[in-house]
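Counting from 279, one number per residue, gives the positions in the sequence shown under the numbering used here.
Beta carbons: idealized from backbone N, C-alpha and C, even for Gly.
The structure appears below as structure tokens.
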Amino acid sequence: MKMKGVWRTIESVIAITILMSFVLYLGNPVLLKEQVDPTSKGYEILKIMDSNNELRTFVENKDWSSLNNKIHMHGYNHTVEICNQTACYGEYPNVENIWVSSYIISGHGKYEPCRIKLYIW
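Given below as structure tokens:
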């Protein structure tokens, strides 16, 4: 007879534990890792470089290689292409599933807009 009370107590403790873990699980929303949009991230990198007056120097010199080396995107490969009205300088990647961040800057002292394309894969 004494063992019957012990088993009921153990069952009650297990039931309370299950109920509490269920309530805590429902009470805390599952935190999903926020997806980062590579295109937006690339645009932000180019915008910050333009704000720091670094981007224009690379573009005026058509120095896509140094610009490419200056950009760091953790977890992604990338390459840069600088295009003016007549030609493009840089590398177009030969891969599938490419994101493109595009940034346009005006000419310096004359009308010569250039588009910087940051290919991300």
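(message) For the stretch 294-306 against the stretch 330-344, do three or more pairs of beta-carbon atoms, one drawn from each stretch, fall closer than 8 Å, so that the two count as touching?
(response) The stretch 294-306 vs the stretch 330-344: no contact.
(request) Specify the secondary structure class of Tyr367 as computed by DSSP and reduced to three states. (result) Reduced to three states, the DSSP call for Tyr367 is strand.
(request) Return the CA-CA distance between Trp377 and Tyr397, expressed in angstroms with no decimal places. (result) Each residue's alpha carbon lies about 6 Å from the other.
(request) Say yes only if the C-beta of Ser344 is nearer than 8 Å to one or more non-hydrogen atoms of the ligand FMN, and no if none qualify. (result) As presented, the structure is devoid of all ligands, the ligand FMN included, so that no description of it is given.
(request) Note down, in chain order, each residue of its chain lying with its Cβ closer than 6 Å to the Cβ of Val358, except the 5 sequence neighbours on either side. (result) Cβ neighbours of Val358 beyond the five flanking positions: Trp342, Leu345, Asn346, Gly368 and Leu396.
(message) Just list the residues that DSSP pairs Ile394 with in beta bridges.
(response) According to DSSP, residue pairing for Ile394 in a beta bridge involves Ile360 and Tyr381.
(request) Could you please give the first and the last residue of the uninterrupted alpha helix (DSSP H) stretch that includes Asp315? (result) No alpha helix (DSSP H) contains Asp315, which DSSP labels as neither H nor E.
(message) Which residue marks the beginning of the alpha helix (DSSP H) containing Trp342, and which one marks its end?
(response) From DSSP, the alpha helix (DSSP H) with Trp342 extends over Trp342 to Lys348.
(request) Might you give, ordered along the chain, the residues of its own chain that have their beta carbon closer than 8 Å to the beta carbon of Ser392, omitting 5 neighbours on each side? (result) Inspection of the sequence shows that residue 392 is occupied by Cys rather than by Ser. The answer, listed in chain order, is Val337, Ile360, Cys361, Asn362, Ile382, Ile383 and Gly385.
(message) DSSP three-state label for Tyr303, please.
(response) Reduced to three states, the DSSP call for Tyr303 is helix.
(message) To the nearest angstrom, how far is the alpha carbon of Asn372 from that of Ser380?
(response) Straight through space, the alpha carbons of Ser380 and Asn372 are spaced by roughly 18 Å.
(message) By the DSSP assignment, the alpha helix (DSSP H) with Glu338 in it spans what residues?
(response) Taken as a continuous stretch (DSSP letters only), the alpha helix (DSSP H) holding Glu338 covers Leu333 to Glu338.
(request) Identify, in the order they occur along the chain, each residue of the same chain with its Cβ nearer than 7 Å to the Cβ of Leu324, setting aside the five sequence neighbours on each side. (result) The residues Leu333, Ser379, Tyr381, Ile394 and Leu396, in chain order, have a CB closer than 7 Å to that of Leu324 in the same chain once the five nearest residues on each side in sequence are set aside.
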